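Residue numbers for the sequence shown follow numbering that gives the first Met the number 0, so the first one is 0 and each next one is one higher. Glycine residues also receive a C-beta, built at the ideal position from the N, C-alpha and C atoms. A quick note: this is a predicted structure, and the numbers were derived from the prediction, not measured. To start, the structure under review is shown below, and the notes come after it.
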Amino acid sequence: MAVDISKIKRKFAHERRLSGWQAVLVLAVSSIFSLFHIINGSYTGLLQLDVVKSIHLAFAIALTFLLFPARRSDESEGIPIYDLILAVIGFYVASYIAFNYTELLQRSAVGYTFTDYIIALLGIIFVLEATRRAVNPALVIVAVAFILYAKFGDGLPILSHPSYSWKEILEHLYLTKEGVFGTPLAVSATFVVLFVIFGAFLEKSGAGKFFIDLAIALTGRAVGGPAKAAVVASALMGMVSGSSVANTVTTGSFTIPLMKRVGYKPEFAGAVEPAASTGGQIMPPIMGAAAFIMAEFVGIPYSKIALCAVIPAILYFFGVFTAVDLEARKENLRGLSDEEIPKIRDVLKSGWYYFLPLAVLIYMLASGYTPILSAVYSIAVVVAIMVLKPIYENLKVREPWSIVFKRILRNIIDALSSGGRGVVAVAMACASAGIIVGVVTLTGLGFKIAGIAMDLSQGNFLIVLVLTMIVSLILGMGVPTTANYIITSTIAAPAIISFLAEVYGMSVREIINHPELILPAHMFVFYFGVAADLTPPVALAAYAGSAIAGSDPWKTGINAFKIGIGKYIVPYVFVLTPQLLLIGIDSLSDVVTLITVLTFTALAIVSINGATIGYLFRKCELPIRIALVAYGFLMLAPNNLLRFFGLTLFLITVVYLKKFKKL
């Protein structure tokens with residue numbers, strides 16, 4: 000039975016189905032939203048950042064009430080009149096900062112008016128309701144809990160703080176740069192929105208189909224070829240998507256049916272795509288929205304963040320690739336036939352120019368240009384492709400030029416609209432996460448929790464890491480990676496940073512002034528925020544894959560966890576050995592350390608994958624699988640003696656398995 004991909008997309012996006020003037024209205028608002036940011040990005044300093052943030056939030060709130068119904072189960076078509084009114088009010092409340100910017104600056108010194116506080120109250124209410132609709136209720140519950148903590152937390156025994164009035168809380172969370180309009184929303188309104196628009200233009204230009212065809216041409220003949228094609232395609236698409244669920248649905252609609260056709264079980268086929276798609280958020284050059292926020296939080300240029308993320312991302316995809324290969328060999332699955340595989344030369348000939356926007360982006364980022372300008376120029380290259388390609392093709396087909404130019408214009412407008420709609424969830428997640436960050440800065444909660452974690456760990460760094468991992472996974476279940484990173488970087492990461500400060504013989508205040516030393520802590524919570532999309536019971540990306548595969552969501556989530564096991568391993572390695580992030584490589588010995596750790600980590604992933612899949616040269620019984628897990632953890636140990644001991648046992652087991660297979 001054919002799968003209705005559009006229905007699955009609507010299920011996970013919860014967007015209304017619109018027609019007539021309402022569809023035109025949303026098309027116009029979302030397109031203007033994108034154009035505003037492209038124009039503002041093209042002229043640095045055109046508007047004050049505070050004004051840009053206010054307008055950005057205003058558009059996001061308005062589009063939320065136009066696109067998302069109050070109840071997720073509501074499948075009625077059209078926008079009710081009350082949501083049209085709420086969209087207008089929400090736009091005004093959020094844009095109040097922009098239209099009264101000078102007056103608010105003056106009043107910040109002498110005292111805000113009653114109207115200002117009413118707007119602040121309404122603004123927070125609108126942000127929370129828009130987040131509930133566009134993101135999910137979980138983030139809203141967390142944000143409300145933090146607001147209540149800011150008001151009533153002064154009476155708590157351990158996490159107490161000074162007493163604050165409602166006026167002080169409203170002022171801090173909405174009328175300053177510490178809450179809703181803080182760093183997360185600033186990053187969403189500058190970097191993230193342009194890269195979302197870039198991804199939308201790439202998709203509308205036909206790059207997605209080109210990447211899938213290229214992946215199939217490269218890997219289709221291999222054992223279990225479609226699964227490997229899914230990994231490659233998801234890595235390519237994920238570099239420009241940044242959304243685990245969107246990437247799963249986009250590439251999975253093609254690759255998952257192919258995997259099922261060659262013999263993969265539905266629950267495994269539905270798991271491969273989300274495991275690979277979540278890797279897109281950690282894959283340079285673009286990664287996910289959270290990476291841009293990390294650059295601001297840590298104080299390292301985004302280009303440096305992307306460079307540091309290269310090796311861990313390669314390790315992760317190596318693990319996913321290994322897992323699907325072992326599953327294919329265990330089930331004796333074939334690749335695609337020659338008739339089903341396009342020739343690499345033909346694929347490259349038909350779409351080599353899709354690499355140009357990525358090449359421009361990488362070149363500009365590496366050359367020191369700002370991510371904003373790099374994104375704008377990359378969008379311009381994609382627009383040029385969208386214009387020139389149909390014109391060139393029409394020289395052969397000879398359609399009426401009026402039809403060709405109408406099609407070009409329609410594709411560009413669709414891309415603008417898609418980009419505007421695509422950033423809504425990120426903007427609302429950042430706004431609500433800003434509330435949480437605002438409460439943390441107001442009360443000092445982050446360092447209080449860090450102190451508790453240090454006390455619980457009794458000086459054991461591994462316990463600190465495990466506790467931080469658990470917090471990141473719990474907070475990330477059902478919460479977008481962007482919001483998850485913002486929350487965990489302010490609540491959970493300080494515990495790791497406090498421990499690192501002791502390791503380097505510094506105070507916390509001193510180590511924060513060394514961004515490269517605290518980057519591993521931020522990367523750690525970032526990775527587990529992404530991993531939450533794979534972690535049952537709330538594995539959103541895996542559930543999207545199961546919807547396409549027609550498989551059991553729980554089994555699909557378990558398989559996605561097993562396939563993406565590298566995402567749970569690699570963060571521990573780069574925190575304990577920062578050289579994996581290309582940090583502190585100053586001598587030949589550092590290079591040797593990097594190569595050694597890289598080799599042992601890769602072999603450990605193979606060993607653990609062999610255990611989780613149950614195959615390594617032959618099907619493995621339970622005792623062998625338990626042994627392989629043990630060998631993997633030994634090879635991950637920071638002690639060289641344990642590493643080589645684990646490697647020796649692993650190699651002996653490999654020889655035994657290969658020899659047993661021959662017998």
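Go ahead and label residue i buried or exposed: buried means 16 or more other beta carbons lie within 10 angstroms of its beta carbon, across all protein chains shown.
i    : result
T600 : buried
D585 : exposed
Q280 : buried
E177 : buried
M0   : Below a pLDDT of 50, predicted positions are generally treated as unreliable, and M0, at 43, falls in that range; the measurement from the model is reported next regardless. M0 comes out exposed.
P637 : exposed
G110 : exposed
K405 : exposed
G504 : exposed
G318 : buried
K664 : The shown model of the chain, from 0 to 662, leaves out residue 664, and the question about it has no answer.
E266 : buried
I448 : buried
T652 : buried
V231 : buried
L650 : exposed
F190 : buried
Y163 : buried
S506 : exposed
E202 : buried
Spatial neighbours of residue i within its chain, please: C-beta separation below 6 angstroms, excluding the five flanking residues on both sides.
i    : result
I462 : S456
E14  : L66
P514 : V297, G298 and I299
L656 : L615, F616 and R617
Does DSSP put residue i in a helix, a strand or coil?
i    : result
K176 : coil
Y42  : coil
R663 : Because the chain in this structure spans residues 0 to 662, residue 663 falls outside the shown range and cannot be described.
T647 : helix
G549 : coil
G224 : helix
Y663 : The structure shown does not extend to residue 663, since the chain is modelled only from 0 to 662, so the question has no answer here.
N512 : coil
L34  : helix
Q47  : coil
E330 : coil
Q21  : helix
G433 : helix
R71  : coil
P637 : coil
L415 : helix
What does a CB cutoff of less than 8 angstroms around residue i pick up in its chain, not counting 5 residues either side in sequence?
i    : result
P284 : M238, A305, L357, L360, I361 and L364
Y91  : A57
V50  : I96, A97 and Y100
I564 : G318, A322, I604, I607, N608 and T611
V87  : A61
Y263 : G223, P225, A226, V271, E326, A327, E330 and L332
T619 : In the sequence as displayed, the identity of residue 619 is Cys instead of Thr. Cβ neighbours of C619 beyond the five flanking positions: G609, A610, G613, L627 and L656.
Measuring only from the beta carbon, is residue i closer than 7 angstroms to any heavy atom that is part of the ligand ZN?
i    : result
R420 : No copy of the ligand ZN occurs in the structure displayed, which carries no ligand at all.
Would residue i and residue j be called neighbours here (beta carbons separated by less than 8 angstroms)?
i    : j    : result
L707 : L314 : Since the displayed the chain opens at 0 and closes at 662, residue 707 lies outside it and no answer follows.
S169 : L120 : Per the sequence presented here, residue 169 reads as Leu, with Ser not at that position. It is a contact, given that the beta carbons lie within the stated cut-off.
A629 : T481 : no
A559 : P273 : yes
R428 : A327 : Strictly speaking, residue 428 in this sequence is Ala, with Arg absent from that position. Cβ atoms of A428 and A327: not closer than 8 angstroms.
L235 : A216 : no
L579 : P399 : no
L335 : G224 : yes
G475 : G418 : no
G122 : V179 : yes
V386 : I412 : no
T250 : I211 : yes
P536 : V134 : no
I485 : V438 : no
A142 : S377 : no
K52  : A185 : yes
G433 : P256 : no
Quickly, what does DSSP pair residue i with across the bridge? List them, please.
i    : result
K618 : Y614
In chain order, what residues of the same chain have a beta carbon less than 7 angstroms from the beta carbon of residue i, not counting five sequence neighbours either side?
i    : result
H521 : M293, F296, V297, S488 and A492
P68  : R15
L158 : G152, L444 and K447
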